[in-house]
């Protein structure tokens, strides 16, 4: 039921004599454990006794077509106490993060001025490839992931949108290979394993 609103940003209801359209742009955040017992990640993986068939069945409850519409897919391992302590000195405050987001949105607004879109997420794939086409040397890693079947066409478009957002956050005029690589890492969990 979520696939169409995620894709179009609209909910359409059709009944016998009436049809209605409702705006439905929303941010969907999903979280899932790696297995039913939730112990199969990081250092605690040794405590998990779920058979692999049970794990596969558990994770297959999230359909491929739904996951294809999720921009960021990140696997998180349970952090150690030392990692939690070390991370504190690198964390940004909410005010710093808000300022970066504001600056990125302003960059996006300048680039999209005169178009019907306000955010990178709204840009259709065809416009990404025609109006804001990136050189092949920049998109090489994403193109290889698409050609190898790791990405669908929809997934490739989502990687490009995330790469543009990363470029806006870094105050760059366009994404480079680094932003494409980061977007791929956020899209294809475990690709370096």
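Numbering (the working numbering), first residue to last: 110 to 302.
Cβ coordinates follow ideal geometry from the N, Cα and C atoms, glycine included.
In whole angstroms, what is the alpha-carbon distance linking residue i and residue j?
| i | j | result |
| --- | --- | --- |
| residue 141 | residue 218 | 34 Å |
| residue 244 | residue 265 | 15 Å |
| residue 118 | residue 267 | 15 Å |
| residue 183 | residue 125 | 42 Å |
| residue 263 | residue 110 | 18 Å |
| residue 298 | residue 127 | 43 Å |
| residue 186 | residue 227 | 34 Å |
| residue 272 | residue 166 | 32 Å |
| residue 191 | residue 239 | 47 Å |
| residue 134 | residue 230 | 10 Å |
| residue 296 | residue 207 | 24 Å |
Assign residue i to one of three DSSP states: helix, strand, or coil.
| i | result |
| --- | --- |
| residue 251 | helix |
| residue 286 | helix |
| residue 184 | coil |
| residue 114 | helix |
| residue 172 | coil |
| residue 208 | helix |
| residue 273 | helix |
| residue 246 | helix |
| residue 217 | helix |
| residue 165 | helix |
| residue 223 | coil |
| residue 257 | coil |
Excluding the five sequence neighbours on either side, which residues of its own chain have a C-beta within less than 7 Å of the C-beta of residue i, listed in chain order?
| i | result |
| --- | --- |
| residue 115 | 137, 178 |
| residue 159 | 144, 145, 146, 149 |
| residue 276 | 283, 284, 288 |
Excluding five sequence neighbours on each side, which residues of the same chain lie with their C-beta closer than 8 Å to the C-beta of residue i?
| i | result |
| --- | --- |
| residue 248 | 269, 289 |
| residue 163 | 144, 145 |
Suppose the cutoff is 6 Å on Cβ atoms and the five residues either side in sequence are ignored; what does the same chain contact list for residue i look like?
| i | result |
| --- | --- |
| residue 261 | 177 |
| residue 130 | 119, 121 |
List the DSSP bridge partners of residue i.
| i | result |
| --- | --- |
| residue 128 | 123 |
Please confirm if the region 246-258 is in contact with the region 219-227, defined as three or more CB-CB distances below 8 Å between the two stretches. no
Contact between the region 192-211 and the region 166-175 is defined here as three or more beta-carbon pairs at a separation below 8 Å; is this criterion met? no
With a cut-off of 8 Å, do at least 3 Cβ pairs link the region 231-242 to the region 198-205? no
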